[in-house]
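Here the structure is laid out as structure tokens; the discussion comes afterwards.
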Amino acid sequence: MVATAAETVPHLTTALSGPLNIIESTILDYQARIESWFRSEWRKTPVPLYASVDLRNAGYKIAPIDTNLFPGGFNNLNPAFEPLCIQAVQSALERLDRPVDRVVIVPENHTRNEPYLENLAVLQRMFEKAGFETRIGSLIPGLEKEMLIELDSGSRIRLEPLRRRDSGLYINDFRPDLLVLNNDLSSGIPDFLQEADQLVIPPVNLGWSDRSKTVHFNFYRDVAQEFAALLDIDPWFIDPMFRNCGEVDFMKRAGESCLSRNVESLLKAIQKKYDEYGVSHEPFAMIKADSGTYGMGVMSVNSPEAVHDLNRKQRTKMATIKEGQKVTKAIIQEGVYTNETWGSPGTVAEPVVYLIDQNVVGGFYRVHPQRATNENLNSPGMYFERLAFDECCISPDKEQSPDAHPNRFYTYGVIARLALLAAARETKSL
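Count along the sequence shown from 1, then add 1448; that gives the number in my numbering.
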């Protein structure tokens, strides 16, 4: 689906008043202060190589709802952003503590997922154009020789088996200086990836077999509070509240009472903020697997009773995530409405911002014609619309209104960088 010129950005359906103007106007007014603060924070905390951040704009609140450290949608970015991506890759790798000339990208085992393979092709081309000899080292079990795959775009990728030899990792005789994980390790860390004498980024223990969304959003809460103090705004405008339960088992209904209590507590806290700022929406919460991606293990609830009323189909859907991994922990996150719509009639949309090193390098909108404003859009039936601005998320235009497209996108870039900073602190704490 190709956007027309009039559809390069979704329409924001919420009346532009109250906190929305506070957030965007304040961010524009304090741009220099914000950029200085980010520079200071990056000097203290090394930045992850790359990330993508899912955002929701409710009009009265703009907040990240997920931060992915193994982003798989570079093929969805506007090709106009490629020079910025290349420059960001060069900057990131030049700052590493050892010289890098040879790179191996370690992908997911999705040989039938054409969009993901297109992402790999774009990622490899990006590293090659940045001046690094780059190959793709596959973890596919039983792969003994290279696999050449022709893509619909006309690109091709070559998957080659990655092998351990002594303390190092190789593709045949090709020994990389750096391994770039584009595999979220949901099913665990392969033994041969551990304690290799080459640099592996992101670190293997940031994969979803070890990482926790609760931990990430704890770091994000601290970042949001610091940023809000810098701008003298309520941190709630940019921070989704959350609760956490211990062990859960959706099929056995273990932990159900804990989930119900925390949903009730969170909904009351949201309602209190709604009352404070005159928000007329009904509060809702998102129950999510505390680890994992691809939008799996996610459901929306608007009452504690909804937890007890889950039918078997709903519990089955919540019980496992990618690669059949069992859900044992859950985060209960404040539901943030998305009040952006794409096209006519309006289809619900949410922005996804991509970052390399310290830089916002573009993004796209996730659009879902079968979902409501309070539902998870990262699900079958979604599609993507590229942002069509060459300087999207980078340069505000103070001569225009706070919600003018460049200014809204700049705000999104700021919020996404706050999530990136939280991920940087999370990584540093390992």
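We treat Cβ as the ideally placed atom computed from N, Cα and C, and that holds for glycine.
Note that the coordinates shown come from a computational prediction; the quantities given were computed from them, not determined experimentally.
Sort the options by Cα distance to residue i and report the nearest one.
| i | options | result |
| --- | --- | --- |
| K1761 | V1800, Q1642, M1747 | M1747 |
| D1845 | I1471, L1476, N1620 | L1476 |
| A1536 | L1633, G1810, Y1858 | G1810 |
| L1678 | R1481, K1661, D1614 | R1481 |
| F1522 | F1812, Q1642, V1671 | F1812 |
| W1656 | K1774, Q1848, T1795, E1798 | K1774 |
| P1638 | D1680, I1619, P1589 | P1589 |
| V1671 | N1855, W1490, T1474 | W1490 |
| F1424 | E1798, E1674, A1864, Q1818 | Nothing in the structure corresponds to residue 1424, since the chain is present only between 1449 and 1878. |
Does the Cβ-Cβ distance between residue i and residue j come in under 9 Å?
| i | j | result |
| --- | --- | --- |
| L1707 | I1735 | yes |
| E1782 | A1737 | no |
| L1541 | P1555 | no |
| L1587 | N1631 | yes |
| K1770 | Y1742 | yes |
| I1510 | I1471 | yes |
| R1583 | V1551 | yes |
| A1499 | A1820 | no |
| G1745 | K1765 | yes |
| L1503 | I1804 | no |
| L1607 | I1597 | yes |
| E1788 | V1801 | no |
| V1501 | L1825 | no |
| L1758 | F1698 | yes |
| E1695 | A1702 | yes |
Quickly, what does DSSP pair residue i with across the bridge? List them, please.
| i | result |
| --- | --- |
| N1505 | I1510 |
| A1778 | C1693, A1737 |
| N1807 | I1804 |
| T1795 | W1790 |
| P1609 | S1586 |
| F1622 | I1619 |
| A1814 | Per the sequence shown, residue 1814 should be read as Arg rather than Ala. Answer is E1798, F1832. |
What are the boundary residues of the beta strand (DSSP E) that residue i is part of?
| i | result |
| --- | --- |
| R1691 | 1690-1695 |
| V1746 | 1746-1749 |
| S1586 | 1581-1586 |
| L1679 | No beta strand (DSSP E) holds L1679; the alpha helix (DSSP H) holding it covers 1661-1679. |
| E1566 | Here E1566 belongs to no beta strand (DSSP E); instead the alpha helix (DSSP H) covers 1562-1577. |
| E1643 | E1643 -> no beta strand (DSSP E), and no H or E assigned at all. |
| V1495 | Careful: V1495 lies outside any beta strand (DSSP E) and carries neither H nor E. |
Please check the pair residue i and residue j, which I expect to be a contact at CB under 8 Å, by giving their CB distance rounded to whole angstroms.
| i | j | result |
| --- | --- | --- |
| G1520 | Y1564 | 5 Å |
| T1493 | R1873 | 6 Å |
| V1652 | L1641 | 6 Å |
| V1808 | G1861 | 4 Å |
| F1690 | I1780 | 6 Å |
| D1658 | G1616 | Wrong, their Cβ atoms sit about 23 Å apart, outside the cutoff. |
| E1594 | D1549 | Going by Cβ atoms, the distance from E1594 to D1549 rounds to 22 Å, so no, they are not a contact pair. |
| F1732 | N1710 | With a Cβ gap of about 14 Å, F1732 and N1710 do not count as contacting. |
Hey, quick one: how far does the alpha helix (DSSP H) through residue i stretch, first residue to last?
| i | result |
| --- | --- |
| R1491 | 1479-1492 |
| E1542 | 1530-1542 |
| C1766 | According to the sequence shown, residue 1766 is Met rather than Cys. Per DSSP, M1766 belongs to the alpha helix (DSSP H) from 1760-1767. |
| R1709 | 1704-1725 |
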